[in-house]
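> If you count the sequence shown from 1, position 1028 lands on 1027 in numbering that gives the first Met the number 0, and the numbers rise without skipping.
Beta carbons are placed, not taken as given, at the ideal position from N, Cα and C, and that holds for glycine.
None of these values were measured; they are calculated from a predicted model.
First the structure, which I've put down as structure tokens, then a few questions once you've had a look.
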Amino acid sequence: MFQSTLMLDMAQVLLDMYCFPENLVGMKEAIGQANQNGEILHVTDLQTLAEMLTAGVQGALNDPRLLVSYEPGTSYSKPVTLPPPSPAMLMALVQHSIKFDILENNVGYLRIDHILEEDIVKVVGPTLVDTVWKYILNTDALILDLRSSASGKVSGIPFVISYFCDPTPEIHIDSIYDRPTNSTKEIWTLPGLLGERYGKDKDLLVLVSKKTQGVAEDVAYILKHLDRGLLVGERTAGGSLNIQKFRIGSSDFFITVPLSRSISPITGQSWEVNGVFPCVQVNADLALEKATSILAVRKATPAVLHRVVELLDRYYSFVDQVPALARQVAKVAHSAVISEQDLAAKLNYELQAICADPRLVIGVRSEPPVAIEHDPAVELLNDAALLQHLVDTVFQVQILPDNIGYLRFDEFPDESVLIKLTPYIVKQVWQPIEDTDNLIIDLRYNIGGNSDALPVLLSHFHDHTPPVRFFTVYNRLSNTTEDYSTLPNLEGNSYGSKKGVYVLTSHRTATAAEELAYLMQSLSRATVIGEITSGNLLHSGSFQIEHTNLVITIPFINFLDNNGDYWLGGGVVPDAIVLSEEALDKTKEIIIFHAEVCELVEQAGHLLKVHYAIPEVAAVVSTVLSSKCLEGLYRPVVDYESLAFQLTSDLKETSGDHRLHVLYSDTEPNVLEDQADKIPSHEELSYIIQALFKVEVLPNNVGYLRFDMMADAEIIKVIGPQLLDQVWNKLVNTDTLIIDMRYNVGGYSTAIPILCSYFFGPEPVRHLYTVFDRSSLTSSEIWTMSKVLGQRYAPHKDIYILTSHITGSAAEAFTRAMKDMDRATVIGEQTIGGALSVGTYRIEHSNLYVSIPNQVVLSAVTGKVWSVSGVEPHVAVQANEAMDVALGIIELRAKMPWIVRTAGELVADNYAFAETGAEVAGRIAELVNEGKYHIINSEVELAQKLSEDLQKLSGDRHLKVAHIPENSKDHIPGIVPMPIPPPEMFEDLIKFSFQTRVFENTVGYLRFDMFGDIELITQVSDLMVEHVWNKIANTIALIVDLRYNIGGPTSSIPALCSYFFDDGNPVLLDTIYNRSSDSISEIWTIPRVAGERYGSKREVILLTSNLTSGAAEEFVFVMKKSGRALVVGEVTSGGCHPPQTYHVDDTNLYLTIPTVRSSSLEGASWEGAGVAPHLAVPAGIALEKAKDILRSHLHGSS
């Protein structure tokens, strides 16, 4: 039983000391089960037992630091407390642990092999600062070498880290859990240090190795994840902050256990066990060299960025993009660069983010580019024999079978050479091939040269008239733009623009040769066959950036082709990609194929004119196809597959009909025709019905019918009795029906009238749609049927059709007919836009087939052709959401009458004008009974419809309904109280809300744009007197500007009006009728006000506009009616007293109702009508008008 006791004792050590106690839950029970297993009990070799225990505990806890060892004869004694070391001993430790140097480029180097603890730092700190740190401080960057640091104390961590951080704010850098004390200690940066800090702006590189262990790993980890240090070297050891060995019981077995663990507050993870991964991984012995190279690159980066911008500004051909490129280049942070390759990658990323120009690129070269100097052009002698020999050497001309010309030349001559050679080229090159039917230009071995000859060559392959623009070149170096077109005075005859030209290319085809290939292709003048060209254009220059290995390639030429597209380099992609050695044979095959292309295109157009359902569109498309063929736009087509693709694209683009399609097939494709399949047997019926139809009755008696294919009418008639029994009779008595067509891709249209007839009454029969058949030139009107088998679905019951983007063909026709007849609400996605009938026709004797919709459907309602874009749903949602949305609408419509009637009752009971309210409620109820609210699909629609009807019936725009979703219900006006600001904000709020001025002649001016509640005003009355009223109280006249006042609570109006009447003489301001309480109350001036009254003698002018609303109108109304103020401006908005908001049943609808109105003896009310001014002037000049009035009055009185 020795082993059992040993294992239990080991478990106890772990429970007491292991830094992950949460992983030890159930350990003793697990050991008990292991003892019962008995395997370990039979181990007699103690060293083997130690190895088994190690493997077991490491495997169970996934911690390789746990080691069990057998050490017989080892005496174990508790650590002896040593006296503190002397200063001399401490200095010796420091000298052994810390070394420093100043490297080239003023880079500091600091090596620390032991992290000093706090107590030692306090003793030797001043000496360290004086002998080491003050020299490090003046460096431009620092390399911190921890490659040999394997010891230290946790208390020294904050000292090391803090020297590389700002003093404030303090940063929580580590949390260390200690198991023996069961406590966690937080480590923070220090606010105060000996000496100066290195700061955050200088580069810090930390060297690490697999020997870096313990506390030094923690330092490296913290610096890395604070983004303060770049780690260079190897992954660290993955050690521990505190690891100790303990004797297991009284045996000679020991277990090594980590006592504490680090949990980074920055990452939430730990470096222990796994180690710290460097940012730049190199062998430890190369880490210092790598770090110095990184710092060198970073130091050079600002100059590199400056030089890049300078070169771009001088050479880049897209001049308008240079400022944006300069701003983007400035985003490269030198502190993030780790090598020249990295800098090049970052620069390329930033440059391409702006220009997307693959020609503009930065790379790294180990050696500067070698400039290739061309020999000066040799002056040609005027020797005819020599010139003719040169032409014979450069150009190879043959006439191949079938009258195919062949021209090969492997280099482009300079312009000066070309001029002298032209007569000989005309005679020896152009004349032999000008009468060929087709021409092959072989550029597979052409390495290019000068581009001057391009216009000449291109002109030979175009007619003299009309002139054709070939390309445009912008040269940044000369800042010139030049257009190149057909040459008017071309020597010799041109090859013309009609005959076939075929250009052969290879990966060797370069510079001017690939420009020729590109232009012949983009001009639709040639078919290119072979390999992708080299992409080596002469449009760019390469510049080495001084003192680096970086080379930037900048395009200084912009090449704009005939289509207005910039050629941004890259090789020319052939129309037919084959190996260069196979290109000639492939070309001969394509020439044979091209001989029939135009005929095939013409035949496709003819088939379209004969069969396409819309003749006028077919005629246009056919003409366009012919024109494109004549213009050479089918030259890129090299086989039947590519012709099918191009024809399909042209048919769809020109017609706007996505159903037109050309396909290539070795066998004639099968086409589903709108004709009856064989009648199924009795045994097959149940399977067909079960497979095609899904039926369910949902809660609230909602029927659900899904079918995924439209069966033929004859089959429907045969299986009718079974359909009634197994499908229809289960649904016909439901209150509402959902028809799910989301997975129905179509089928036969013959059953549509049968299906539709079940949803309409027997009489009158309904015209669903008309089908025009192009092939037979006949029109067929599709009607519902007066007689059907079984019971019809009552016409008053709601139907919902669910659709998706794959709902097609006959399924679409059914859906569209039901929508046109207003018989169903369509919910889901727009349908595919298929056709009822598509004919597939073979083009001549080829393997090309064209699918043509040969029927068109005309709406019975509008008489117009149904759109090919599919059925637009009433409610557009994702197909997978359509069912839930439909159920939501059904639920809403079921309670719609009660919702609307509730809204009407709220108006009748609470609207300030009782008689009008009753009339509105009665009329709203009538609208419900008339079905005006039956087609509402959401509460949002209901709110809009109800608002429109309430306002129309009452003539009051303040009667309104709002839809406020659940997540916005903290903003419901009239229900959620507005928050009252804290007292400390009152003074600033008053200063912001009120504007006061004193004009000439001591005329006061007061503007405020909203009325506040009396409770709030009472709280701040002293502040309002101090900051507002006292500034205008002593003026001889007052202008109150209410032009921008939108109202608010009316409770403060008596207090405000009281300032303009004398003390001791109460004045009746207004009488107010409250509908909710059915009471009339009187509003009087109040006996006491804060501050001094303005009195009744001094003039007051109120300024108004059509924005003046609510409480502001009541104030104007009272002041005007009492004769206390002159009103100048515009008629006010005709608002109302603050309305009340009512929640409508259990919906998200809220009804706003004016419940209070002025009830003066004269019977006049401003609600809905506004207050008319005494003097009507535009609001914009009302203030100046008021000043003029007061100026006139004051001068007149003086």
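Taking buried to mean at least 16 other C-beta atoms within 10 Å of its own C-beta, is Gly1179 buried or exposed?
Walking along the sequence shown from the start, residue 1179 turns up at place 1180. Answer is exposed; the Cβ neighbour count stays below 16.
> Can you look up Trp1165 in the DSSP assignment and give me helix, strand or coil?
Walking along the sequence shown from the start, residue 1165 turns up at place 1166. Correct three-state label for Trp1165: coil.
> Is it buried or exposed for His844, if we count other Cβ within 10 angstroms and need 16 for buried?
Sequence index remark: in the sequence shown, residue 844 carries index 845 (1-based). The C-beta of His844 has fewer than 16 other C-beta atoms within 10 Å across all chains shown, which makes the residue exposed.
> In terms of residues, what are the limits of the beta strand (DSSP E) holding Leu1007?
Sequence index remark: in the sequence shown, residue 1007 carries index 1008 (1-based). A small correction: the amino acid at residue 1007 is Phe; Leu does not occupy that position in the sequence shown. Taken as a continuous stretch (DSSP letters only), the beta strand (DSSP E) holding Phe1007 covers Val1002 to Phe1007.
> Can you tell me where the alpha helix (DSSP H) with Trp727 in it begins and where it stops?
Taking the sequence shown and counting its residues from 1, one reaches residue 727 at position 728. For Trp727, there is no enclosing alpha helix (DSSP H), as DSSP marks it with neither H nor E.
> Tell me, please, which residues DSSP counts as bridged to His962.
As a working mapping, residue 962 is identified with position 963 in the sequence shown. BP columns for His962 point to Leu1148.
> Let's test the definition: count the other Cβ atoms within 10 Å of the Cβ of Asp441 and tell me whether it reaches 16, buried, or not, exposed.
The residue labelled residue 441 in the question sits at position 442 within the sequence shown. So Asp441 ends up on the buried side.
> Measure the C-alpha to C-alpha separation of Asn105 and Lys152 and round it to an integer number of angstroms.
Taking the sequence shown and counting its residues from 1, the one referred to as residue 105 is at position 106. Taking the sequence shown and counting its residues from 1, the one referred to as residue 152 is at position 153. Each residue's CA atom was taken as its position, placing Asn105 and Lys152 some 31 Å apart.
> Output the boundary residues of the beta strand (DSSP E) element that contains Leu736.
Within the sequence shown, numbered from 1, the residue matching residue 736 stands at position 737. Segment Thr735 to Asp739, the beta strand (DSSP E) holding Leu736.
> Could you tell me which of Tyr501, Phe555 and Gly655 sits nearest to Ser477, measuring between CA atoms?
Translated into positions along the sequence shown, residue 477 becomes position 478. Taking only the C-alpha atoms, the option nearest Ser477 is Phe555.
> List the residues that DSSP assigns as beta-bridge partners of Trp782.
Against the sequence shown, residue 782 aligns to sequence position 783. BP columns for Trp782 point to His766.
> Can you give me the start and stop residues for the beta strand (DSSP E) that Asn557 sits inside?
In the sequence shown, counting from the first residue as 1, residue 557 sits at position 558. First-last of the beta strand (DSSP E) with Asn557: Ile556 to Asp560.
> Could you work out which residue in Gly827, Asp112, Glu811 and Glu986 is closest to Ser836 when comparing CA atoms only?
The sequence position of residue 836 within the sequence shown is 837, counting from 1. Of Gly827, Asp112, Glu811 and Glu986, the residue nearest in Cα terms is Glu811.
> Looking at the C-beta of Gln2, does it have a partner C-beta in chain D at a distance below 8 Å?
No chain D is present in this structure, which holds just one protein chain.
> Identify which residue in Asp129, Thr586, Glu828 and Asp883 has its Cα closest to the Cα of Ile403.
Here residue 403 corresponds to residue number 404 of the sequence shown, with the count starting at 1. Closest by alpha carbon: Thr586.
> Return helix, strand or coil for Pro1048, following the three-state DSSP convention.
Reading the sequence shown from its first residue, position 1049 is the one you call residue 1048. Coil, per DSSP.
> Nearest-angstrom Cα distance between Leu310 and Lys298?
Position 311 of the sequence shown holds residue 310. Position 299 of the sequence shown holds residue 298. Their backbone Cα atoms lie some 20 Å apart in a straight line.
> Here's the rule I'm using: 16 or more other beta-carbon atoms within 10 Å means buried, otherwise exposed. How should Glu530 be labelled?
The count along the sequence shown starts at 1 and reaches residue 530 at position 531. Residue environment analysis places Glu530 among the buried positions, since at least 16 neighbouring C-beta atoms fall within 10 angstroms of its C-beta.
> What does DSSP give as the partner residues of Glu117 in its beta bridges?
As a first step, residue 117 must be located in the sequence shown, where it is residue number 118. Paired residue(s): none; Glu117 is not in a bridge.
> How should Ile418 be labelled, buried or exposed, when 16 other C-beta atoms within 10 angstroms of its C-beta is the threshold for buried?
Along the sequence shown, read from residue 1 onward, the residue named residue 418 stands at position 419. So Ile418 counts as exposed.
> Compute the Euclidean distance between the alpha carbons of Lys693 and Ala344, then round it to the nearest angstrom.
In the sequence shown, the residue the question calls residue 693 occupies position 694. In the sequence shown, the residue the question calls residue 344 occupies position 345. In a straight line, the C-alpha of Lys693 is about 59 Å away from that of Ala344.
> Name the DSSP beta bridge partners of Ile111, please?
Translated into the one-based positions of the sequence shown, residue 111 becomes position 112. For Ile111, which the question treats as bridged, DSSP gives the partners Ile97.
> Report yes or no: do the stretch 458-470 and the stretch 526-544 share at least 3 C-beta pairs separated by less than 8 Å?
no
> Quick check: the Cα distance between Thr1154 and Leu958, rounded to an integer number of angstroms?
In the sequence shown, the residue the question calls residue 1154 occupies position 1155. In the sequence shown, the residue the question calls residue 958 occupies position 959. When rounded, the distance between both Cα atoms is 10 Å.
> Pop quiz: Val363 and Asn548 are said to be a contact at Cβ under 8 Å. What is the actual Cβ separation, rounded to whole angstroms?
For the purposes of this step, residue 363 is taken as residue 364 along the sequence shown, with counting starting at 1. For the purposes of this step, residue 548 is taken as residue 549 along the sequence shown, with counting starting at 1. Right, the Cβ-Cβ distance comes to about 5 Å (below 8 Å), so this counts as a contact.
> Need the endpoints of the alpha helix (DSSP H) that Tyr517 sits in, please.
If you number the sequence shown from 1, residue 517 lands on position 518. Taken as a continuous stretch (DSSP letters only), the alpha helix (DSSP H) holding Tyr517 covers Ala511 to Ser521.
> Suppose you measure from the CA of Thr1034 to the CA of Val1027; what does that come to, to the nearest Å?
Counting from 1 along the sequence shown, the entry for residue 1034 is found at position 1035. Counting from 1 along the sequence shown, the entry for residue 1027 is found at position 1028. Answer to the nearest angstrom: the Cα atoms are 13 Å apart.
> Measure the beta-carbon distance from Ala215 to Gly274 and round it to whole angstroms, keeping in mind my assumption that it falls under 8 Å.
To locate residue 215, count along the sequence shown from 1; it is residue 216. To locate residue 274, count along the sequence shown from 1; it is residue 275. Not really, about 11 Å apart at Cβ, beyond 8 Å.
> For my contact list, Met26 and Ile254 are in at a C-beta cut-off of 8 Å; report their separation, rounded to the angstrom.
Indexing the sequence shown from 1 puts residue 26 at position 27. Indexing the sequence shown from 1 puts residue 254 at position 255. Contact flag wrong, Cβ pair sits at about 13 Å.
> My understanding is that Tyr565 touches Thr526, with C-beta atoms under 8 Å, so please give their C-beta distance in whole angstroms.
In the sequence shown, counting from the first residue as 1, residue 565 sits at position 566. In the sequence shown, counting from the first residue as 1, residue 526 sits at position 527. Tyr565 to Thr526, Cβ: 23 Å. No contact.
> Please list the terminal residues of the continuous alpha helix (DSSP H) segment that includes Asn909.
Mapped onto the sequence shown, residue 909 falls at position 910. That run of the alpha helix (DSSP H) goes Ala881 to Asn909.
> Is the beta carbon of Gln829 closer than 8 Å to that of Leu855?
If you number the sequence shown from 1, residue 855 lands on position 856. If you number the sequence shown from 1, residue 829 lands on position 830. The sequence shown places Val at residue 855, rather than the Leu named in the question. No; because the gap between Cβ atoms is not below 8 Å, this pair is not in contact.
> Run through the DSSP bridge pairs and tell me what Pro257 is partnered with.
On the sequence shown, position 258 is the one that residue 257 refers to. DSSP, once it has assigned bridges, lists Ile242 as partnering Pro257.
> For Leu952, which residues of its own chain have a beta-carbon under 8 Å away from its beta-carbon, when the five flanking residues on both sides are left out?
Stepping through the sequence shown from its first residue, residue 952 is reached at position 953. If we look at Leu952 and ignore the five residues flanking it on each side, its Cβ neighbours are Glu918, Val919, Arg922 and Ile923.
> Under the assumption that Ala885 contacts Leu801 (Cβ atoms under 8 Å), give the Cβ distance between them as a whole number of angstroms.
Translated into the one-based positions of the sequence shown, residue 885 becomes position 886. Translated into the one-based positions of the sequence shown, residue 801 becomes position 802. Contact between Ala885 and Leu801 holds: CB atoms are separated by about 6 Å, below the 8 Å threshold.
> Let me make sure I understand the geometry here. Which of Val1115, Asp1187, Ile1152 and Asp1061 has the alpha-carbon closest to that of Trp1165?
Residue mapping note: residue 1165 aligns to position 1166 of the sequence shown, counting from 1. Relative to the Cα of Trp1165, the nearest Cα in the group Val1115, Asp1187, Ile1152 and Asp1061 belongs to Val1115.
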